[in-house]
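One structure below.
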Amino acid sequence: MERESGGIGRRRLLGLTGAGLGALAASGLLAACAPPRREEDEGGQGGASPEKVTLALPSSLSSLDVGRESGTLNYAVACLVQEGLLSVSPDGELRPGLAARWTQPDERTYVFTLRRGVTFSDGTPLTPDDVVASVEAIRDPKNTNALAYLYAHVTSVKVTGDLEVTVRLKKPDALFLWTVSPSGLLVSSRAFLKRHRGEVGTGKTLLLGTGAYRVTGFAADDHVLLERNDAWWGEKPGVRTLKLDFVPDAGTRLVAMKSGAVDGALGLASDEARGWESAAEVTYTEDRSVVALAFDTGKAPFDDPRVRRAVAHAADRAGMAEGILHGKAQVAAALPSPGMWGDLLPAEQVTAAYDRIALPAHDLAAARKELAASGHPDGFTAELHYPGSGPQLGKAALALAAELKKIGVTLKVEEITLEQWIAELGSGKFPLQFLWYFPTTGDPAELLDAYLHGEAEATNIARYDQAKVTGALKAATTETDSGKRGALLLEAVTEAAGDLPYLPLWWASTATALSGRLALGGGDGPFALTGPWAARLRSS
Amino acid sequence: MTRVRRSRRPGRLLTAACATVLALLALAACFGTALLPGWDRQDLALGAAMPDATHWLGTDALGRDIAQLLVAGARSTLAGAALVALGAMVLGNALGLLAGYLGGRVDAVVHRLADLLLALPALLVTLVVAGIGGGGYALAVGVLVVLTSPGDIRLVRSAVREQRHLPYVEAAETLGLSRATVAVRHIWPNVLPVVVANTLLNFAGAVVSLSALSFLGLGVPPGAPDWGRLLADNRTLLYDNPSAALAPALLIVVAAVALNLLGDRLHEAFTDRGRS
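Chains as they are written, first to last, in this note's numbering: chain U, 1 to 540; chain W, 1 to 276.
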């Protein structure tokens, strides 16, 4: 989303918070770059594919390099062109990508064996040295790469065989395999990276990768043009030419669809997608993004737990999900959506634990009571800003303001630009903020480490610091048993819920709209639209 | 005689219709929120709904009644525009009177200033200034007052220059009245009719400009009842409740057209009276 200096961390993560933002709810579009295995590509049974397809994306890109601009749409484009060592299935499972297999000789060492016979779209073969060069480019301080923080604890990345790369870490990291998935590593060639050092992803340099498509044209903030990479190792995509038009305005997008200028759109917000149902086939997919209110627990009036509870009682979360998001969102019980827990814990265990979390229900009488007993019995005035790219957040803020007004709290709602909103996150200026996060992994620790960890000063915008929660999160970082790790993370979630540093509002869905002649095969799930998603486009 | 009567009747009817519409809108602007105190009542569970017996124009995404929002929104839409028109009239008349009556260097400076301001694209400049200033209704109104005034300055200046050499002005000056008295009490009343007509035209322009700013998020804050804001907020509801977006748009058009027609009619009437 934005360029980072130095080691990153805060801005990168804050950027991701809004990342999706780019307006999209296309986080679904993000991460997962799992090439469809031939036997799984059900979409391929649909019939011949159109040669040329034009799709609208709801935000603009100024760079194709996810290291420079890490929004969800940047990933959606880059994942068509480049691949990671691992890929992600539509339901969030890590799978072989450029690495055909991997082993973990000890807690801090990973050995990846590359797939044989893979070539870049310029015809040059993929070598382990290209993988090393791609990691080096991310870690190179001169490149100010937004993903550099992911590799802060990497000791070395070396070629250890004809097709082998070995990575050593300073300490065990349960999330490391996600780091070498497309969300943290998109491989390019050493020669390309050297030739275009610091300039990858512009309209002149474009991108080079091993993916299903190659970029043939890119006009910043206008469109990107892709051609099928016939040398790709996966199943040959049906669509030869793919044009992605950046159309930030919702009305213009719909007009483009109705006029036939585009064949569909990706990453539509739920409240917008309803209008598309008369013009296209709309599919809604849970995107694992979360919208929450973040209370600054170190600043008045929200340092008072009773004030936080009063606000929570005033928030009609079910009404927001039903009325504002047309029922295409789920009332959230915690920051990580149930889909984020993947293989860590059985779904029933997560659901049961979430059911036990008793967040304050919508009850104005209870809100008045909490406020009366707080240190601000006569009410107070607060501001709540939302990014223009998230009108649904604005509606939720207005709904909350109207309810708070009834208990004597004045909430001033203001729309600001996305850039302003990102700059305000964690600045400490505003004790009440929206948290709008699009995870890039299928692991709940991504959210929990960023927002509940007492030592995550840069990202923990609620300034929440509770020893038991932080202890559980620390233990989970080095725990290798997935069940035990999941239990630790779940303990952190349930423990923090009682303190209410964040009020989770909803887990959102993203919508894909395609004209009647197109269908996106390959299964459903939070990651269904990601990876080389366009390779799954078929005639319906 | 008969021919004349036939041609004027439709004009009078139109004028009466415009005056009636504006009177109703003025009533809504003055007493709308008092008459409909529940305009901000929301029903999230209902959300955006089509018109029915309870909600004549349906509801918006927050379940608020569109008809009540439109009535409540008349105040910010029309009051701001009225302020722009009146502010521009005061500023334009003061400077135009000075320039037209005093002449010389004062005239040259004021005239050049008016030329400079007229050369600026008003709405574009307002967008830029409001954008840099972080938006806001007061800022938008202030900028529009300044950028609307050059028209009044030139109009009044020209009218005053026509008047200043007329015998009644020379007579007043011969009597030893001060320049201010001559300008304000003798000349200005004679240019007032054309000023009033022009103010109505400015009013119409300001309704459109302020609505455009609110539409772009640079006017009233989110959630405030304002026709431009309602249009912007509800345009995604075209398939859930079309009237949520169409009704505010229609009201903006109706108000602007009524003000324009009435302004034209007044201008013609004053001109006819002047000739006679």
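Idealized CB from N, CA, C, for every residue including glycine.
One alpha carbon belongs to Leu116 of chain W, the other to Arg164 of chain W, and they sit about 25 angstroms apart.
DSSP, read as helix, strand or coil, puts Tyr101 of chain W in helix.
Residue-level contact check: Pro248 of chain W does not touch chain U, since none of the beta carbons of chain U fall below 7 angstroms from its beta carbon. Remark: C-beta atoms of Glu83 of chain U and Leu98 of chain U approach each other more closely than 7 angstroms. Remark: C-beta atoms of Pro504 of chain U and Met340 of chain U do not approach each other more closely than 7 angstroms. Membership of Phe246 of chain U in the beta strand (DSSP E) is indicated by the continuous run Thr241 to Phe246. Per DSSP, the unbroken alpha helix (DSSP H) holding His313 of chain U starts and ends at Pro305 to Ala314. DSSP, reduced to helix, strand and coil, places Ser70 of chain U outside both helices and strands of the structure shown, so it counts as coil. Contact residues of the region 31–55 of chain W toward chain U are Asp40, Arg41, Gln42, Asp43, Leu44, Ala45, Leu46, Gly47 and Ala48 (C-beta to C-beta distance below 9 angstroms).
With respect to the 7 angstroms criterion, Ala329 of chain U and Ala508 of chain U are classified as neighbours on the basis of their beta carbons. Listed in chain order, the positions of the region 391–414 of chain U with a beta carbon within less than 9 angstroms of a beta carbon of chain W are Pro391, Gln392, Gly394, Lys395, Ala397, Leu398, Ala399, Ala401, Ala402, Glu403, Lys405, Lys412, Val413 and Glu414.
Taking a cut-off of 8 angstroms for Cβ pairs, the region 119–126 of chain U and the region 225–244 of chain U touch, as three or more such pairs fall below it.
For His186 of chain W, the three-state secondary structure derived from DSSP is helix. With respect to Tyr502 of chain U, Ala462 of chain U sits close: the two C-beta atoms are nearer than 7 angstroms.
For the region 320–335 of chain U, the set of residues with a beta-carbon nearer than 8 angstroms to any beta-carbon of chain W comprises Met320, Glu322, Gly323, Ile324 and His326, in chain order. In the same chain as Leu44 of chain W, and ignoring 5 residues on each side of it, the C-beta atoms closer than 6 angstroms to its own belong to Gly63, in chain order.
Counting along the chain, Trp506 of chain U sits inside no alpha helix (DSSP H); it lies in the beta strand (DSSP E) bounded by residues Tyr502 to Leu514. Between Leu514 of chain U and Glu281 of chain U, the gap from beta carbon to beta carbon is short of 7 angstroms. In its chain, beyond the 5 residues on either side, Phe295, Phe302 and Leu500 have a beta carbon closer than 7 angstroms to the beta carbon of Arg308 of chain U. Bridge pairing for Ile153 of chain W: absent [DSSP].
If only uninterrupted beta strand (DSSP E) runs of at least 3 residues are considered, those enclosed by the region 338–402 of chain U are 381–387. Beyond the five residues adjoining it in sequence on each side, Asp378 of chain U comes within less than 8 angstroms, by CB distance, of Gly408 in the same chain, given in chain order.
Within chain U, no C-beta atom comes less than 8 angstroms from the C-beta of Asp152 of chain W; the nearest is roughly 33 angstroms away. Contact between the region 169–179 of chain U and the region 98–114 of chain U is present: 3 or more CB-CB pairs across the two stretches fall below 8 angstroms. Residue U:Thr283 holds the alpha-carbon nearest to the alpha-carbon of Thr512 of chain U among U:Val157, U:Thr283 and U:Leu208.
Collapsing the DSSP output to three states places Arg168 of chain U in a strand. In the pairwise beta carbon analysis, the region 401–419 of chain U is classified as touching the region 379–388 of chain U: at least three pairs are separated by under 8 angstroms. What Glu286 of chain U touches in chain W, judged by beta-carbon distance under 9 angstroms, is nothing: the nearest beta carbon there is about 21 angstroms away.
Scanning chain W for C-beta atoms nearer than 7 angstroms to the C-beta of Arg274 of chain U yields Tyr239 and Asp240, reported in chain order. Taking Leu102 of chain W as reference, the option from W:Leu70, W:Thr126, W:Glu162 and W:Leu46 with the minimal CA-CA separation is W:Glu162. If you check the CB distance, Glu370 of chain U and Ala273 of chain U do not come in under 7 angstroms. Note that the region 166–185 of chain W does not touch the region 49–59 of chain W; fewer than 3 beta-carbon pairs, one per stretch, sit closer than 8 angstroms. Taking every protein chain shown into account, the CB of Pro431 of chain U has 16 or more other CB atoms within 10 angstroms, so this residue is buried. With its beta carbon less than 7 angstroms from one in chain W, Asp316 of chain U belongs to the interface.
The region 309–324 of chain U makes no contact with the region 10–25 of chain W: fewer than 3 CB pairs, one atom from each, lie closer than 8 angstroms.
Going by C-alpha positions, Arg229 of chain W is about 44 angstroms away from Ala347 of chain U.
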